[in-house]
Structure formats: structure tokens, C-alpha cells
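Numbering (the UniProt record's numbering), first residue to last: 1 to 580.
Structure first, then comments.
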Amino acid sequence: MSWCQLCVICAGSPAGCCDSACKKCLGFASLKEDNELEDIDSLLERIEDPRLAPQTFLSSFHLLRNLNPENELKRYFGARAVLGDQRPRQRQRQYVRSMWLTAPKNTWPRYSKTGITMQLLDTRRGVQHFTFEHHREYQQVQFKFLDAVESMDPNNIVLLLQMNPYHVDSLLQLSDVCRMQEDQEMARDLIERALYSLECAFHPVFSLTSGTCRLDYRHPENRAFFLALFKHLMFLEKRGCPRTALEFCKLILSLDPENDPLCVLLLIDFLSLRAREYTFLTRLFQEWESHRNLSQLPNFAFSVPLAYFFLSQQEERPELERSQARERAARLIQLALIMFPSVLMPLLDHCSVQPDARVASHPFFGLNAQISQSPALNQLTSLYVGRTHALWKDPAVMAWLEPHVHEVLRMVEAQDALVQEAEHKRKIRYQSAPRNIYRHIILSEMKEATAALPLEVTSQPVMGFDPLPPLDSIVSYTRPERYHLHPSNESTLSLFFRSLLPNFNLQGDGRHDGDDEAGAAQDLNQGVNRLMAAMRDMLANIQFQEPPAMTIPRVMVTGIEGKGFPTEVDNRGISLFVEL
């Protein structure tokens, strides 16, 4: 008998489960009651032993327990170091409801229904399609939030959260503000609160582990869950919990594996290497290569052979497995260098490694390799190098890489057919990056990748709570139409001086089409562009007169810097990026 679905979702006690098999699940009850510090480490080892539990139970619960970063920290530092010297009674929470994604904190406001629910849309071929829904009262709060964002004053979002402490988009937006102000603790806490609010709205049969539950990113109500999960895993990775971050990455991918709206396939290889889950990465590559063309992505092309190399260094493995891993690593790294030669020199530069004269002077790996590649490919290679270069700094890795670089140069000079084929593929592919790749680069904030974004992408603003909404969004409700508060023919000079007032609302003189959220974003973009045009016009027409003798003028100029990101490309998913 399989593990009860309802018991997994609500995290209820096995004793109250409708499935009698749950009462026999080994270690579950003892895991929920971890009051004895000295038993925690041994308990974790017991749970991880596949011989002590049925496969169906292990596969589900193993993932769920790895969503808790404390379990990973306990493995690194021990339970007592993580939990401190608190007594078990002091560690008990005042909240009765237990959650899987995050643990509610005593410092949080008391939770009450927010107006978010989840509905089961349909079931097709064993796959269940869900969506979050906003009730009328939540929609009103959402309208106030959009007004607060357009005011460009974070204090308005704070005031909104004081009245609605579990409004998800406000939590996401304010988290970005705190992170930019270097308040990482508060930023992480706000993301966890957003996850808690969304998990409280789960449908009773929505499963985090079945792999058959889907959320459509085209529904605006679903995007907050994707974004909260992504931001949470980024905090976990920086906190030193790569295994937990990897499990959250798997969860995001399982929600929409076909479209991959946040393009976590560009991240999952890095987290697998950081968590030393080399077998998982190689298995993912083998199973998905045929229908997702993973080898045509620079991150998989280089990370998979690196994973095989690390597997070949594990002495506890049989010699035959290690030998096979070495052969696969050698073959795949040579293919990666042939397909993406522009990765090598930036990677060596980030690792502070000086290549020999032959490699440094060869045009195949030189500056021409980077200049000749398309902007879309440049974004992918820059993202990979900036994110994973630390994994290549190991002297053993560099010693393994060097002979394969020379072997590739030999193939290039011999005009090998593989080299000619790879050059042809680079010319016809990677013409433009799909929308989800731009969205991933924005969320990752990797300076190497953001610097490679084209001008048409960086010249437009982006909303942190909904970066680059899909062009085919499925909108269930719209904002009420607003009216002009100021004449549209207002002079640029008066617009500039009015913008200096504390109560200035940039959207006050903009029109809202009321059709969808894209219209609201376009309204704001036009307002920003109008304000910047007003400043440029005013500064360009200012004329300074010669100051009187013995007088030193003091001029203070206030500048406003605008940042932006992309707004349009394909949304069909990472697999469609490579056209075979």
C-alpha cells in the first residue's frame, strides 16, 4: 500500500491518516518528535538507509525532509550546534500547523485567511493541473499593492503589510528592497513568510513529491509561488545549504517541466555539483538529453563531464565504474570545448590560471571565439562562467582539463569533422534567447550575465514581483480604470519639479488601459521614460553664466539612474532554444 497523499500534504500525524500503511512507515513518528538531541544524527542515518523502508515511502519522504535546511546543517555541524542548548520545550512553536516548505516563526504575525486558495482545474493523463485563486478581498489588496509599487516609495508597501501581513507580492517586493539595502536576514524572512502563506492555501491533494502536479505560469496568481521558491533557494545556496536548494530547484522544475518558466535548468547543474549529487546530474542528463537537447546548453555541456570526473575520483566505487566515468568525462569535455570554445579563456581568467602560450595564442580559444558568437550564446556562457567558476579552481580539475584542451587543438588543426559541425551549429542556433532565459538572468543577478544583456533588454524597467510576464498571460481579473489627475500636456519642466515633491505619484498622469497586467506595466514604463526625458531636456537647456570675480559657484546636480530589463521573447521553454 502506498503512502497516503493527504498525509504528505498536510504533514499530519500517521496515527490520523486514512491509510493504515502510514502507521507502519519506519521512522516517521520518531522524526516528527526530535526532542532528544543525541538521537537526531543516528535517526537521520536510519531514514537515509534504503534497506529500512519501502521504496515508495523513501522516495517521497526523502525529498520532503531535504526541504528543511536544518537537516542539512545538522549533517554538517551536528544537531546540538544547530539547535543550541535549548530545551525541547523551548523549541516548540506556538503554531499547531506543520509545514514542509518553511517553518513558521514566533516573530511572525498570527496567520489568518488571506483570500488565496488553490483549485484543481483538471486531470489529464495522470497529471493534475492546479491554479491559485485570488478572492475579491485579496484582489482589492492587490490593487493597493500595485498603487504602492507605482508610487516608488517602499514605505507604502510597509504600510500595506502592516494591514495585510501575508500579502504575497508585497512580501516579495519588500524582500528585494531589504536585500538591496544589505538586510539579508529580513529579506530571507519575508520570502519564508510568503512561502508559508502560499502553502497554507494548498489544495488537499496538491503534492510536492508526486511529480504530477502542475502550475501554469501564464496565470498571474501562480507566479508568486514560482518566484518565492526561486528566491528562497538562492538564499539557501548562499547560506551553505546546496542540497536543500537543489531539492527546491527540483520542485520548481516539477511544477512546469515542459516550459520551465524560470529556466532552472540553467541552475540545477550548479546546485548538483555544489551538493555533490553527481549521480543525479548524470542521470538527469541521460534521461532528458533525447527530448531537451541538454548538451546544447553550455552549463550541461561542461558540468556533466565535471560530474563524471568527480565520480571517477571516488575511491569507494568499483574500478570498472571509475574507469567508465573517466572515459565519459574525457569524451564529453572535449565535445564541450569544441562546441563552446568561448568558455575556456573566461573560465581560466576567473580561476586565475594562466594558459600556456599555445592555448593563449590560438584563435580557436582566443578573443575571436567570444566576438563571433551570438549575443544569446554569450549570455549563456557568461552566466555559466560567473556562476560555476569556483568549482573549477581545484588543481586536480585543472590538471584533468589541460590535456583535453590540447587534444581539442589537435583536432582543430587537423580540421576534424566534429569541429566543422560544431561551428555550423553555432551559426544557425542561438539566434535569440527565449523569454524564460532573460527572466532567469534577471532573477539570478549574475553580473557577468546581466552585462551581456542586449540594449533592448536593459532599457526597460522590470517589476521584481513579476519579472517579464508571459506575453500570453491568462488574466482572471483586471484593475479598475483610473482617471487623469494631471493634464497630459504638462510641460517637462513642471513635471520634473513636481517629481521632487514627497507625494509625487508617477502614475497620476498616466493612462491605464485596464486590459491586463501588461498594460499596467506599459503605463509605468511610459511614465518613467517621460520623467527621464524631462530631466534630459531640462539639463540640456540649462545655461550657466560667468560667475563674478572672486566668487566660487557651488552647483549640486541630482541624478536619477534607471535600470531595466527585457520584455519580450519566446515563452515556449528552454527546449525550444535549440532548433534542430
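Think of the CB as a built atom: it goes at the ideal place given N, C-alpha and C, for glycine as much as any other residue.
From which residue to which residue does the beta strand (DSSP E) around valine 149 run? From DSSP, valine 149 is part of no beta strand (DSSP E) but of the alpha helix (DSSP H) over 136-150.
Which same chain residues end up closer than 8 Å to leucine 160 when comparing Cβ atoms and leaving out the 5 residues on each side of it in sequence? Setting aside the 5 residues that flank it on each side, leucine 160 is surrounded in the same chain by Val141, Lys144, Phe145, Ala148, His167, Ser170, each with a C-beta closer than 8 Å to its C-beta; the list follows chain order.
So, threonine 117 versus alanine 201, is the Cβ gap smaller than 7 Å? In contact: threonine 117 and alanine 201 (Cβ atoms closer than 7 Å).
Helix, strand or coil for phenylalanine 280, going by three-state DSSP, please let me know. helix
Through-space distance from leucine 198 to tryptophan 100, alpha-carbon basis: 12 Å
Rounded straight-line distance, which links the Cα of phenylalanine 300 to that of serine 352: 23 Å
Cα separation between arginine 317 and alanine 307? 14 Å
Assuming glutamine 119 is part of the beta strand (DSSP E), what are its boundary residues? 116-124
Check whether the Cβ atoms of leucine 383 and methionine 446 sit closer than 7 Å, and answer yes or no. yes
Can the beta-carbon of proline 311 be found less than 7 Å from the beta-carbon of alanine 330? According to the sequence displayed, residue 311 carries leucine and not proline. No; because the gap between Cβ atoms is not below 7 Å, this pair is not in contact.
Looking at the unbroken alpha helix (DSSP H) that takes in cysteine 249, where does it start and where does it end? 242-255
May I have the straight-line CA-CA distance separating methionine 186 from phenylalanine 340, to the nearest angstrom? 40 Å
Do the segment 204-217 and the segment 233-241 make contact, defined as three or more Cβ pairs closer than 8 Å? no
Own chain partners of tyrosine 196 with C-beta closer than 8 Å, once the 5 adjacent residues on each side are dropped: Here the set comprises Met99, Leu101, Thr102, Pro104, Trp108, Tyr111, Tyr166.
Under a Cβ-count criterion, where at least 16 other Cβ atoms within 10 Å of its own Cβ denotes burial, should methionine 463 be classed as buried or exposed? buried
With a Cβ-Cβ cutoff of 7 Å, do alanine 271 and proline 305 count as a contact? Here residue 271 turns out to be leucine, not alanine, going by the sequence shown. In this structure, proline 305 does not lie closer than 7 Å to leucine 271 by Cβ.
Going by DSSP, which residues form a beta bridge with cysteine 213? Gln128
Hey, does leucine 246 have any beta-carbon neighbour from chain C nearer than 7 Å? Protein chain content of the structure displayed is limited to a single chain, and chain C is not contained in it.
Examine the Cβ distances between the segment 462-477 and the segment 213-224 and report whether three or more of them are shorter than 8 Å. yes
Are the segment 401-416 and the segment 434-449 touching by the rule of at least three beta carbon pairs closer than 8 Å? no
Whole-angstrom distance between leucine 294 and aspartate 260, CA atom to CA atom: Rounded to the nearest angstrom, the two C-alpha atoms are 13 Å apart.
Quick check on residue 637: buried or exposed, where buried means 16 or more other Cβ atoms within 10 Å of its Cβ? Residue 637 lies beyond the residue range present for the chain, which begins at 1 and ends at 580; the question has no answer from this structure.
Per DSSP, glutamate 133 forms a beta bridge with which residues? As DSSP reads the structure, glutamate 133 sits in a beta bridge with Thr117.
Just verifying my parser: in three-state terms, what is the DSSP assignment at asparagine 106? coil
7 Å Cβ cutoff met for alanine 357 and phenylalanine 302: Against a cut-off of 7 Å, the Cβ pair of phenylalanine 302 and alanine 357 comes out as no contact.
Just reading off the alpha helix (DSSP H) that aspartate 176 is part of, what are its end residues? 168-180
Under 7 Å Cβ to Cβ from tyrosine 138, same chain only, skipping five residues before and after it: list those, please. Here the set comprises Thr114, Gly115, Ile116.
Mind checking whether glutamine 296 and serine 342 have CB atoms under 7 Å apart? no
Do you know offhand how far phenylalanine 280's Cα is from glycine 386's? One C-alpha to the other measures close to 23 Å.
How would you call arginine 193, buried or exposed, if buried means at least 16 neighbouring beta carbons within 10 angstroms? Taking a 10 Å sphere around the C-beta of arginine 193, we find 16 or more other C-beta atoms and assign the residue as buried.
Leaving out five residues before and five after leucine 121 in sequence, what residues of the same chain have Cβ atoms less than 7 Å from its Cβ? His129, Phe130, Thr131
By the three-class DSSP mapping on this structure, what secondary structure does phenylalanine 465 have? coil
Given this structure, state the Cα-to-Cα distance separating glutamate 289 from isoleucine 157, to the nearest angstrom. 44 Å
Out of Thr123, Glu72, His135, Asn106, state which residue places its alpha-carbon closest to the alpha-carbon of tyrosine 477. His135
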